[in-house]
Amino acid sequence: MIKGLIFDLDGVIVDTAHYHYLSWREISRDLNIDFTVKDNENLKGVSRIDSLNYILKLGSLSFNTEEKNNLLDKKNNIYKHSISTLGKKNILKGVEKILSKAKEKKMLLAVGSSSKNAKMIVEKLNLTHLFQAVVDGTMVKKTKPDPEVFLKAAKKMNLKSSECIVFEDAESGVIAAKKGGFNVVSVGNINIRNIGDVYVESLEDFNLDYYAKYF
Ligand code: BG6
Ligand code: MG
Numbered sequence: 142m143i144k145g146l147i148f149d150l151d152g153v154i155v156d157t158a159h160y161h162y163l164s165w166r167e168i169s170r171d172l173n174i175d176f177t178v179k180d181n182e183n184l185k186g187v188s189r190i191d192s193l194n195y196i197l198k199l200g201s202l203s204f205n206t207e208e209k210n211n212l213l214d215k216k217n218n219i220y221k222h223s224i225s226t227l228g229k230k231n232i233l234k235g236v237e238k239i240l241s242k243a244k245e246k247k248m249l250l251a252v253g254s255s256s257k258n259a260k261m262i263v264e265k266l267n268l269t270h271l272f273q274a275v276v277d278g279t280m281v282k283k284t285k286p287d288p289e290v291f292l293k294a295a296k297k298m299n300l301k302s303s304e305c306i307v308f309e310d311a312e313s314g315v316i317a318a319k320k321g322g323f324n325v326v327s328v329g330n331i332n333i334r335n336i337g338d339v340y341v342e343s344l345e346d347f348n349l350d351y352y353a354k355y356f
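Start counting the sequence shown at 142; every next residue gets the next number (our numbering).
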C-alpha cells in the first residue's frame, strides 16, 4: 500500500534545469568549453561537483581543489541570482493537485534532491509546510544514482521503500530509486520512459487515486 510520495525537486516540482544550464554555460564560456543543451541533459540529478568534473573533462582541463571550489562558488552565485524571482508561479503543472490529493489521502510527503539549494527553493515556492522531510545534497554522502537520498527521505517518514512512490525526471534519479526498491514514476523525459515503472509526460497526467492502488 502506498503511504508516501517522494519528489525530486529540479525538473519535477519546478523547472530549474534551464537556469542550471545557463549558469554552467556561463562558466563554460569563460573556460572556452563548448557546453550544449545535450550536455546539460547528462547533468540532470548530478551533484554540483560531478557536474563541474563533467564540464572540465569536456574541455580536457584539470584544476586543483581550490580552483574547482572557486568555480563551484561562481556557478552557484550565478545560479542563485538567476532564480532570485522564483516563486509559486514556477511550480510545474500538476504538482499542487497531487500534493493536495496526497494530503486528502493522509499520505506523507518528502523531497529527495541532489541540490544543496533544495531547502531554499522549496521555501521560495512556499511548499515547506507540506513536506515531512526535505532531504538534499547537503545531507548525503553518496549522490544519485546511489539511493541514499531517497532511503533517507523514506526513513524520515518512517516508511519502507515499497510503500513510497518516487517521482523523477533524471536517469540517475530513476536508477537510484529503483536500486532503493521504490516504485518509480519517470516524468517528462522520454529517454527514461522505460527505466521507471510508469511514465508520464507531465504530472498533470498522473492520477494518484489510480496509482495508489496500482503499485
Ligand atoms: C539536481 C539538478 O537536482 O541538483 C542538477 O538536477 C544539479 O542539475 C544538482 O547540478 C546540484 O544542484 P546544486 O543546487 O547543489 O548546485
Ligand atoms: Mg531532477
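C-beta atoms are modelled at their ideal positions from N, C-alpha and C, and glycine is treated no differently.
- Message: Only counting the same chain, and skipping five residues up and downstream in sequence, which positions put a Cβ closer than 7 Å to that of Lys397?
- Response: Given that the chain is displayed from residue 142 to residue 356, the structure contains no residue 397 and the question cannot be resolved.
- Message: Using the three-state DSSP reduction, which class does Ala353 fall into: helix, strand or coil?
- Response: helix
- Are Val275 and Val263 close, meaning C-beta to C-beta below 8 Å? yes
- Query: Are the beta-carbon atoms belonging to Lys185 and Ala158 less than 8 Å from one another?
  - Reply: yes
- Mind checking Asn324: buried by the 16 CB within 10 Å criterion, or exposed? buried
- Query: What is the rounded straight-line gap between the Cα of Phe272 and the Cα of Lys354?
  - Reply: 22 Å
- Task: Kindly examine the ligand MG and report whether one of its heavy atoms sits closer than 7 Å to the Cβ of Asp310.
- Result: yes
- Message: Let me check one thing: in DSSP terms, what residues is Leu199 bridge-paired to?
- Response: Leu199 pairs with nothing; no bridge assigned.
- Which whole-angstrom value describes the C-beta separation of Asn181 and Tyr162, a residue pair presumed to lie in contact below a C-beta threshold of 8 Å? 4 Å
- Task: Check the C-beta distance from Val153 over to Asp310 and give it rounded, since I have them as a contact under 8 Å.
- Result: 5 Å
- Alpha-carbon spacing of Met142 relative to Ile316, whole angstroms: 22 Å
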